[in-house]
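Trainee: Each residue of the sequence shown is one higher than the one before, starting from 8 at the first, in the working numbering.
No residue lacks a Cβ here, since even glycine has one placed at the ideal position from N, Cα and C.
Just so we're clear, the structure is a prediction, and the values are computed from it rather than from any experiment.
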Amino acid sequence: MRLKIFFRFLLSLYIVNCTLYIDAQAAAPTSDYTQQTDTNKTKPVQIRRGIELKEGYQSYEQYYSGKDMAEEKRSHFPHTGTGTWTELNPKVPRVTYIGLDFINPDTGWACGGSGAIIKTTNGGDDWTISETPVTNLLLKIHSYNGQVVICTGYDGLILRSSDGGETFEQIVSGVGNGTDLWGVQMLNDTLGWVCGMNQTLLKTTDAGLSWQQLFPGLNQHYWSLNFLDESYGMIACGGGIILKTTDGGQSWAITQAGDIRSLYTIDIIDSLHITAAGFDGKNVYSDDGGTTWVQNTDVPAFSAINWIDFIDTDTGYCVRDVYDIAKTTNRGQNWFNPNTEVVSEWHIQLLDDGTGYSCGEEVGGSYALNFFKRTNGLENWSKIFLNDNFSDVFFLNEQEGFVISGIYSGIDSRGLYKTIDGGYNWELVVDAPDGVELLFIDSLTGFIGGSNAIYKTIDGGDSWYTTNGTTGAGKIFFINETKGWAIHSGTIYITTNTGENWTAQHTLPADSYTGIFFIDSLNGWATSTYIWQTTDGGVNWVERTDIPAVFCNGVYFFDLQKGWILAENKLYKTNNGGLNWSLDPQIYTYTTDFGIISKTHFIITGSNIYETVDTGQVWQNITSYVGTLFSRLNSPTAYLAFAIGPFGLVLQYLDTSYVPVELSSFYGSYISNNIELKWTTETELNNSGFEILRSTDLTNWETIGFVPGRGTTTSKSNYTFYDSDLIGNHFFYKLKQIDFDGSYSFSEIIRIEIQINNYSLSQNYPNPSNPKTRITFSIAEKTNVKINLYSITGELIKELVDEEKENGIYQIDVDLNNYSSGMYFYRMTTNSGYTATKKLILLK
8 MRLKIFFRFL LSLYIVNCTL YIDAQAAAPT SDYTQQTDTN KTKPVQIRRG IELKEGYQSY
68 EQYYSGKDMA EEKRSHFPHT GTGTWTELNP KVPRVTYIGL DFINPDTGWA CGGSGAIIKT
128 TNGGDDWTIS ETPVTNLLLK IHSYNGQVVI CTGYDGLILR SSDGGETFEQ IVSGVGNGTD
188 LWGVQMLNDT LGWVCGMNQT LLKTTDAGLS WQQLFPGLNQ HYWSLNFLDE SYGMIACGGG
248 IILKTTDGGQ SWAITQAGDI RSLYTIDIID SLHITAAGFD GKNVYSDDGG TTWVQNTDVP
308 AFSAINWIDF IDTDTGYCVR DVYDIAKTTN RGQNWFNPNT EVVSEWHIQL LDDGTGYSCG
368 EEVGGSYALN FFKRTNGLEN WSKIFLNDNF SDVFFLNEQE GFVISGIYSG IDSRGLYKTI
428 DGGYNWELVV DAPDGVELLF IDSLTGFIGG SNAIYKTIDG GDSWYTTNGT TGAGKIFFIN
488 ETKGWAIHSG TIYITTNTGE NWTAQHTLPA DSYTGIFFID SLNGWATSTY IWQTTDGGVN
548 WVERTDIPAV FCNGVYFFDL QKGWILAENK LYKTNNGGLN WSLDPQIYTY TTDFGIISKT
608 HFIITGSNIY ETVDTGQVWQ NITSYVGTLF SRLNSPTAYL AFAIGPFGLV LQYLDTSYVP
668 VELSSFYGSY ISNNIELKWT TETELNNSGF EILRSTDLTN WETIGFVPGR GTTTSKSNYT
728 FYDSDLIGNH FFYKLKQIDF DGSYSFSEII RIEIQINNYS LSQNYPNPSN PKTRITFSIA
788 EKTNVKINLY SITGELIKEL VDEEKENGIY QIDVDLNNYS SGMYFYRMTT NSGYTATKKL
848 ILLK
């Protein structure tokens with residue numbers, strides 16, 4: 008017995024290692040600086056080459072050895088192709104961004120892994136992906152005029168854009184493999200500099216079309232450069248040395264700045280004040296133009312400072328590995344964390360208006376897409392991208408859903424997120440727990456499986472509380488509204504009162520459960536290293552030693568007879584209630600979970616994605632079709648599903664053959680001085696909403712309102728809009744239906760005729776006026792209309808209207824700016840005999 012327990016313990020350790028490996032390789036597509044895991048140990052990738060490899064790290068070459076870089080790039084970039092699978096978040100390449108540059112608070116670029124360059128023109132609210140011809144790691148990017156943009160990277164790579172960073176072409180640098188270019192600055196429309204490893208210094212005088220190599224005479228790595236103007240510049244170098252030129256690079260002075268630790272970044276504040284920083288927290292400061300340098304307090308030791316930016320001679324910020332953004336207010340003598348959890352180790356930029364941007368990731372490389380913005384000159388940094396490593400997803404309907412991130416899957420935003428527009432936008436649910444499992448049994452009642460407890464909501468996810476009897480859950484399964492099971496480590500728990508209380512039902516001595524599924528209230532299956540079966544609702548669990556599957560990850564049954572078990576890189580199936588099992592040869596890569604879209608349509612996740620549309624008879628590898636790997640999937644309807652993964656990945660599956668946007672009716676009528684427009688849709692697909700357009704001549708159209716749509720739904724939807732701003736007697740209307748991606752289509756045009764049966768003169772609005780007001784009147788038949796403005800004494804002040812009008816509603820705008828405050832009267836008379844007078848008050 009002891010030998011068996013010990014053997015199971017060893018197997019459980021093996022399972023953990025295998026699970027870690029598959030989590031890194033399958034459930035978490037990797038970026039160029041992502042923490043990697045093999046069967047032996049976890050090794051983050053060291054990006055800065057040409058220096059001693061840090062203990063516990065692997066080199067960039069080691070990680071990417073034997074990998075197809077084009078495939079790496081494809082898997083990191085957003086999926087845009089099939090129309091069935093669409094990436095809703097983050098919609099930019101899921102890589103680490105190493106360099107950034109903003110020419111103003113709104114317009115900027117960032118570059119990083121897999122040849123990724125992204126651009127924003129609205130301060131990071133929206134981004135476009137720039138076209139690049141490379142798969143290399145890109146390190147730095149810069150533009151002087153916003154039109155020509157230069158980007159540098161590994162192995163002497165220089166990319167140039169002449170269209171504002173929309174597209175890039177590769178430029179010959181004259182520098183070979185192994186020489187990474189870490190610094191770039193364009194000083195004007197034509198002059199620019201690039202520096203890098205192996206004493207590399209390049210200069211352009213034709214806006215980056217060609218580059219000339221210069222030799223300042225120092226045999227070190229040139230890690231960063233900064234020019235104050237065309238003549239005055241400095242380079243931060245290995246060995247703690249700074250190069251300085253005052254003649255535009257014709258000659259260079261060599262100065263030892265502090266000890267021999269390398270300097271990775273330099274910032275010329277003005278001609279006298281310069282700061283530099285680098286390896287092991289080293290930072291130096293000069294107030295005499297770089298002639299002498301003061302070495303300040305390390306911030307902290309063993310933390311490389313990769314970029315530094317000062318906004319005046321005393322105040323500056325730096326980004327560093329291991330730790331968060333640091334700030335100094337005394338020239339770098341002391342540094343502190345400015346009350347922020349921002350983690351961006353590669354680049355930071357502060358603009359004149361106080362806006363700031365930073366990018367990178369934390370030590371260990373667990374989180375790509377760490378990109379932050381600082382606003383209003385305050386220390387309030389916020390994430391630009393939602394990049395949590397999501398662990399589960401659940402949608403209540405087509406529009407309302409949740410995603411959750413696990414125990415160590417985010418910085419400053421870990422937890423539960425909610426969407427009410429079909430996954431296009433997400434908001435953090437305040438005070439909600441984080442976890443690895445998410446399940447709702449109705450629109451109000453839901454559960455989160457955390458590391459220490461099972462949490463419950465009874466108000467649709469707005470608030471959560473801790474249930475009783477468990478120490479957490481990795482999977483939760485309910486067979487009806489009251490009875491359910493959960494697994495945590497090696498224990499199966501049961502509840503019979505809708506999850507308020509849980510009781511341990513079965514415990515393994517040295518193993519962990521990975522999956523659980525019940526076909527009905529009595530018949531259930533569970534997976535661990537081996538397979539377990541119950542026929543009495545979990546009172547007794549029997550180990551199915553006759554089933555050859557080991558290291559199992561999940562189980563699913565279609566009915567009492569047909570079921571499947573995921574085990575390592577295998578899929579086992581039964582057609583006779585689990586009496587016999589056979590290996591399905593169509594699945595041959597590591598598998599992790601089942602995702603059910605409909606009774607016949609399943610997904611298997613893992614190191615590849617498999618799909619069946621015929622209840623498991625035929626499986627297809629759809630990894631390239633999906634565009635990336637994901638770990639979990641949830642489907643609120645038979646035509647719609649949502650999948651999640653690392654770095655904020657949210658995918659939408661949508662069978663468009665199910666759901667067109669079908670407008671079944673559109674009509675209007677005149678009711679109580681308003682035109683009431685009504686329309687009905689039978690179904691909707693990604694419908695953001697409807698713009699209402701109006702015209703009086705079928706040529707000139709104006710948008711008069713917007714009504715939100717229902718997103719995606721197969722239910723009939725009714726809409727109403729009231730138009731009260733009416734002038735004339737006939738109007739044309741049409742609807743502009745807009746999808747979430749911006750595409751749109753127009754409805755048919757309808758015409759509404761107004762027949763006015765009575766004369767009327769309305770009270771001016773606003774009243775009192777200051778100084779403008781509007782007067783509305785109605786004409787029952789064609790007649791000449793006069794409207795005059797009088798003083799309180801009856802003196803004619805102004806003639807407002809004197810013309811023939813057709814049947815209809817009319818408005819006039821009156822400007823009283825030249826009149827003094829007081830009471831006035833306006834009178835309407837017609838040739839048909841109608842007369843009316845109203846009082847008007849002017850109050851300035």
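(1) Please classify G545: does DSSP put it in a helix, a strand, or coil?
(2) Take the Cβ of Y563 as the centre, count every other Cβ of all protein chains shown within 10 Å, and call the residue buried at 16 or more, exposed below.
(3) Under the three-state reduction of DSSP, which class applies to R551: helix, strand or coil?
(4) In its own chain, which residues sit with a C-beta less than 7 Å from the C-beta of Y766, not counting the 5 before and 5 after it?
(5) Span of the alpha helix (DSSP H) holding S365?
(6) How many angstroms separate the CA atom of Y424 from the CA atom of S389?
(7) Under a three-way DSSP split, which group does T688 fall into?
(8) Which same chain residues end up closer than 7 Å to G497 when comparing Cβ atoms and leaving out the 5 residues on each side of it in sequence?
(9) Could you pull the start and end residues of the beta strand (DSSP E) that H354 belongs to?
(10) Can you tell me the Cβ-Cβ gap for F747 and S676, rounded? I've got them flagged as a contact below 8 Å.
(11) Does the Cβ-Cβ distance between V155 and S168 come in under 9 Å?
(12) Given 8 Å as the limit, is there contact between the stretch 316 to 329 and the stretch 280 to 293, that is, 3 or more CB pairs closer than that?
(13) What are the complete beta strand (DSSP E) segments, minimum 3 residues, inside the stretch 371 to 452?
(14) Here's the rule I'm using: 16 or more other beta-carbon atoms within 10 Å means buried, otherwise exposed. How should S180 be labelled?
(15) Please state whether the Cβ-Cβ distance between G922 and P100 is less than 9 Å.
(16) Would you decide whether A583 is buried or exposed? Buried here means 16 or more other CB atoms lie within 10 Å of its CB.
(17) Go through its chain and collect everything with a Cβ distance to T2's Cβ below 6 Å, but skip five positions before and after it.
(18) With the cut-off set at 9 Å, would you say N795 and I804 are in Cβ contact?
(19) So, using beta-carbon positions, are W509 and I572 closer together than 9 Å?
(20) Does any CB atom of chain B fall closer than 9 Å to the CB of P592?
(21) Can you tell me which residues form a DSSP beta bridge with S150?
(22) Which value, in whole angstroms, describes the spacing of the CA atoms of E78 and G712?
(23) DSSP three-state label for S827, please.
(24) With distance defined between alpha-carbon atoms, name the residue in F728, I699, E709, D822 nearest to N5.
(25) By the DSSP assignment, the alpha helix (DSSP H) with S82 in it spans what residues?
(26) To the nearest angstrom, how far is the alpha carbon of N774 from that of L850?
(27) Nearest to L146 by CA position, among G131, A123, N152, is which residue?
(28) Which residues does DSSP pair with P112 in a beta bridge?
(29) Would you decide whether E352 is buried or exposed? Buried here means 16 or more other CB atoms lie within 10 Å of its CB.
(30) Could you check if R758 is buried or exposed, using at least 16 other CB atoms within 10 Å of its CB as the buried criterion?
(31) Output the distance between the C-alpha atoms of S752 and T474, rounded to the nearest integer angstrom.
(32) Thinking Y660 and L647 are a contact (beta carbons under 8 Å), I'd like their distance in whole angstroms, please.
(33) Grab the span of the beta strand (DSSP E) containing V657 for me, first residue to last.
(34) My output table needs one value for S589: the three-state DSSP class, helix, strand or coil.
(35) What's the gap between the Cα of G442 and the Cα of W548?
(36) Tell me whether V23 is buried or exposed, calling it buried when 16 or more other Cβ atoms sit within 10 Å of its Cβ.
Mentor: Straight from the coordinates:
(1) Assignment of G545 by DSSP, reduced to helix, strand and coil, places it in the coil class.
(2) Buried, by the Cβ-count rule.
(3) Coil.
(4) Cβ within range, chain order: S785, I786, A787, T837, Y841.
(5) Boundaries around S365 are those of the beta strand (DSSP E), 363 to 367, since no alpha helix (DSSP H) includes it.
(6) Straight-line Cα distance between these residues: approximately 16 Å.
(7) Here T688 sits in strand by DSSP.
(8) Taken in chain order, the residues that qualify are T514, L515, D518, S519, Y520.
(9) Element bounds for H354: 354 to 357.
(10) Cβ atoms of F747 and S676 stay farther apart than 8 Å, at about 31 Å.
(11) Against a cut-off of 9 Å, the Cβ pair of S168 and V155 comes out as a contact.
(12) Counting C-beta pairs closer than 8 Å gives three or more between the stretch 316 to 329 and the stretch 280 to 293, which meets the contact rule.
(13) For the stretch 371 to 452, whole beta strand (DSSP E) runs of length 3 or above, ordered along the chain, are 377 to 381, 388 to 390, 397 to 402, 408 to 412, 423 to 426, 444 to 447.
(14) By the Cβ neighbour-count rule, S180 is buried, with 16 or more other Cβ atoms within 10 Å of its own.
(15) Nothing about residue 922 can be reported from this structure: the residues present for the chain run from 8 to 851 only.
(16) The residue asked about is misnamed: residue 583 is Asn in this sequence, not Ala. The residue is exposed, with fewer than 16 neighbouring Cβ atoms inside 10 Å.
(17) This structure cannot speak to residue 2, because the chain is shown only from 8 to 851.
(18) Yes. Within cutoff.
(19) Not a contact, by the Cβ cut-off of 9 Å.
(20) The chain inventory of the structure shown lacks chain B, comprising one protein chain alone.
(21) Listed as beta-bridge partners of S150 by DSSP are V156.
(22) Straight-line Cα distance between these residues: approximately 46 Å.
(23) Look at S827 here: in three-state DSSP terms it is coil, with no helix or strand label.
(24) Beyond the ends of the chain as shown, which are 8 and 851, falls residue 5; an answer cannot be given.
(25) In the DSSP assignment, S82 falls within the alpha helix (DSSP H) that extends over 76 to 83.
(26) Those two C-alpha atoms are separated by around 9 Å.
(27) Distance from the Cα of L146 is smallest, within the candidate group G131, A123, N152, for A123.
(28) Within the DSSP secondary-structure output, P112 pairs in no beta bridge.
(29) With 16 or more Cβ atoms within 10 Å of its Cβ, E352 is classed as buried.
(30) Within a 10 Å sphere around the beta-carbon of R758 sit fewer than 16 other beta-carbons, which makes this residue exposed.
(31) Using only the alpha carbons, I get a separation of about 49 Å.
(32) Right, the Cβ-Cβ distance comes to about 7 Å (below 8 Å), so this counts as a contact.
(33) Here the beta strand (DSSP E) through V657 covers 657 to 661.
(34) S589 falls in the strand class under three-state DSSP.
(35) If you take the alpha carbons of G442 and W548, they lie about 27 Å apart.
(36) Because V23 carries a pLDDT of 31, less than 50, the predicted location of this residue cannot be relied on, and the following value inherits that uncertainty. By the neighbour-count criterion, in which 16 or more other beta carbons inside 10 Å mark a residue as buried, V23 falls on the exposed side.
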